[in-house]
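S.K.: Sharing a structure, written as structure tokens. Questions coming.
Okay, structure coming up:
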């Protein structure tokens with residue numbers, strides 16, 4: 010059994026909170042993440058290429074939390 014986690018930051022979705030534009034200014038990459046970027050990481054973790062990855066938490070946040 011392998012256990013891995015993803016930890017998305019601010020992702021551009023229809024349920025963004027008011028004031029998100031101010032948060033973008035604090036993200037080192039100066040943009041919101043895309044849902045496809047989160048999906049790509051999930052796809053990787055479910056693929057044979059990640060068969061030796063276990064106990065990992067992958068942050069998808071543009072450098073917001075380092």
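Numbering (the working numbering), first residue to last: 10 to 75.
Yeah, the Cβ is synthetic: ideal placement off N, Cα and C, and Gly gets one too.
All figures in this text were calculated on a predicted structure; none of them were measured in a lab.
(1) Starting from residue 15, follow the alpha helix (DSSP H) in both directions and report where the run begins and ends.
(2) Helix, strand or coil for residue 66? Go by DSSP, reduced to three states.
(3) In this structure, how does DSSP classify residue 20 when only helix, strand and coil are distinguished?
(4) Determine the contact status of residue 24 and residue 44, defining contact as a CB-CB distance below 8 Å.
(5) If you draw a straight line from the alpha carbon of residue 55 to that of residue 64, how long is it in whole angstroms?
M.R.: Quick look at the numbers:
(1) Locating residue 15 in the chain shown gives position 6, counting from the first residue. Not the alpha helix (DSSP H): residue 15 falls in the beta strand (DSSP E), residues 14 to 17.
(2) As a working note, residue 66 is residue 57 in the chain shown. In the three-state scheme derived from DSSP, where H, G and I count as helix and E and B as strand, residue 66 is classed as strand.
(3) On the chain shown, position 11 is the one that residue 20 refers to. DSSP places residue 20 in strand when its eight states are reduced to three.
(4) Here residue 24 refers to the residue found at position 15 when the chain shown is read from its first residue. Here residue 44 refers to the residue found at position 35 when the chain shown is read from its first residue. Against a cut-off of 8 Å, the Cβ pair of residue 44 and residue 24 comes out as no contact.
(5) Here the question's residue 55 lines up with position 46 in the chain shown. Here the question's residue 64 lines up with position 55 in the chain shown. Taking C-alpha positions only, residue 55 is separated from residue 64 by approximately 14 Å.
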